[in-house]
Structures are given as C-alpha cells and as structure tokens.
Amino acid sequence: AKILVLHGPNLNLLGEREPGIYGHATLDQINAGLQARAAAAGHELSDFQSNAEHELVDRVQAARRDGTAFILINPAAFTHTSVALRDALAAVALPFIEVHLSNPHAREPFRAHSYFSSLALGVVCGFGADSYGYALEAALKRLSTP
Ligand code: DQA
C-alpha cells in the first residue's frame with residue numbers, strides 16, 4: 002500500500018534545530034529509515050515537507066486521488082494553529098497517525114492543544130525520531146489487518 006509521511010514547518014531544519022528538544026537526526030535520515038522499513042514490509046512510502054500551510058493542504062487533497070492508503074503526519078507548529086490542515090484530513094477521510102518528536106504536553110501550555118488528535122487514529126509523541134518509527138509500525142500493523 003502507499004503510505005504518505007507529511008512534515009510541517011521547520012522540520013527541514015532537523016539535526017540543527019534545538020537538538021536538545023528535537024535530536025540530531027536530519028529529516029533525510031528519518032525519511033530514509035522509514036522508507037527502508039516500509040519497503041521491507043512490501044509497502045511504498047513517500048514523504049513531503051513544507052513550511053507552507055497551503056502546500057500541505059494541497060498534498061493532503063492530492064492523497065485522495067493518488068492511491069494513498071495511510072498518512073503519518075507531524076504538523077509541527079500547525080498542530081496548534083491549523084484548522085485548514087485538519088479540515089483537509091477530514092475531507093480525504095484517510096486514516097492517519099499524528100507524530101511529534103517532542104512531548105508537547107511536557108512543554109509550553111500552548112502546545113498542549115492539537116487540532117489533529119481528535120481526528121487521528123492515534124498519536125505518538127516524545128520519542129524523538131523513534132516517534133516516526135513507532136507510528137510506522139502501527140500503520141503497518143493496521144495495513145496488514147484488514
Ligand atoms: C513538534 C512539536 C510542535 O509543538 C512544534 O511546533 C514543532 C515540532 C514535534 O515534533 O515535537 O515544530 O511537532
């Protein structure tokens with residue numbers, strides 16, 4: 002099946018951006034690891050990062066037509082602000098898991114609210130780059146259990 006991994010704003014800076022919070026892995030390294038794991042399980046994984054809300058909305062809308070079966074998304078700062086991106090996910094009605102490297106609940110109060118969690122199949126946060134890996138395992142299990 003086709004799995005789409007979406008990364009929100011500033012995640013292009015992973016590796017150099019607040020490494021104490023977000024770790025040392027780069028986005029390319031994270032994507033490569035996910036890609037390899039998905040391929041080994043017989044799936045096709047693609048990734049997309051943007052700093053622009055409308056580009057993420059457009060990519061989610063495109064997922065309705067390109068055969069995407071499952072989405073992993075780290076909406077980054079848009080987690081706490083974007084009704085538009087939430088609405089796009091509701092519109093395509095594809096199952097998705099919300100991912101965060103950090104644990105937003107252990108940080109500033111404004112990070113505690115997510116526009117995505119109530120729509121997500123589940124949320125994985127707080128495990129650094131491993132959050133993506135755990136979310137992918139959950140997705141693979143879902144995809145193999147009809
Ligand atoms: C984040 C948490 C968000 O609060 C923050 O705005 C990010 C990254 C995370 O992965 O921990 O940019 O989504």
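What the sequence shown shows, in full-length UniProt numbering, is residues 2 to 147, in sequence order.
Glycine included, each C-beta is placed from N, C-alpha and C at the ideal position.
These numbers were taken from a predicted model, which means no experiment stands behind them.
Point to revise | Gly68 to Pro110 span [Cα, whole Å] | key: Taking the first residue of the sequence shown as position 1, residue 68 is located at position 67. Taking the first residue of the sequence shown as position 1, residue 110 is located at position 109. Approximately 37 Å, taken between the alpha carbons.
Exercise for review: Output the distance between the C-alpha atoms of Gly16 and Ile31, rounded to the nearest integer angstrom.
Suggested key: As a working mapping, residue 16 is identified with position 15 in the sequence shown. As a working mapping, residue 31 is identified with position 30 in the sequence shown. For Gly16 and Ile31, the distance between alpha carbons rounds to 10 Å.
Review point. Quick one: Cα of Ala53 to Cα of Asn75, how far?
Key: For the purposes of this step, residue 53 is taken as the residue at position 52 of the sequence shown. For the purposes of this step, residue 75 is taken as the residue at position 74 of the sequence shown. C-alpha separation (whole angstroms): 14 Å.
Exercise for review: Return the first residue and the last residue of the beta strand (DSSP E) that Ser47 is part of.
Suggested key: To locate residue 47, count along the sequence shown from 1; it is residue 46. It spans 45-50 - the beta strand (DSSP E) in which Ser47 sits, taken as one unbroken run.
Point to revise | Nearest-angstrom Cα separation, counted from Val84 out to Leu141 | key: Stepping through the sequence shown from its first residue, residue 141 is reached at position 140. Stepping through the sequence shown from its first residue, residue 84 is reached at position 83. When rounded, the distance between both Cα atoms is 28 Å.
**Study point:** Straight-line gap, Arg60 to Ala70 (C-alpha atoms, nearest Å)
**Key:** Taking the sequence shown and counting its residues from 1, the one referred to as residue 60 is at position 59. Taking the sequence shown and counting its residues from 1, the one referred to as residue 70 is at position 69. One C-alpha to the other measures close to 14 Å.
Practice item. Please work out which residues of its chain come closer than 7 Å, Cβ to Cβ, to Arg112, disregarding the five sequence neighbours upstream and downstream, and give them in chain order. Key: Here residue 112 refers to the residue found at position 111 of the sequence shown. Correct list, in chain order: His81, Pro105.
Check your understanding: If Ala89 and Gln62 are in contact, beta carbons under 8 Å, what's the gap, nearest whole angstrom?
Key -> Translated into positions along the sequence shown, residue 89 becomes position 88. Translated into positions along the sequence shown, residue 62 becomes position 61. Sure, about 6 Å apart at Cβ, within 8 Å.
Review point. With 16 as the cutoff for other CB atoms within 10 Å, does Ser115 come out buried or exposed?
Key: Your numbering for residue 115 matches position 114 in the sequence shown. By the neighbour-count rule (16 or more Cβ atoms within 10 Å), Ser115 is buried.
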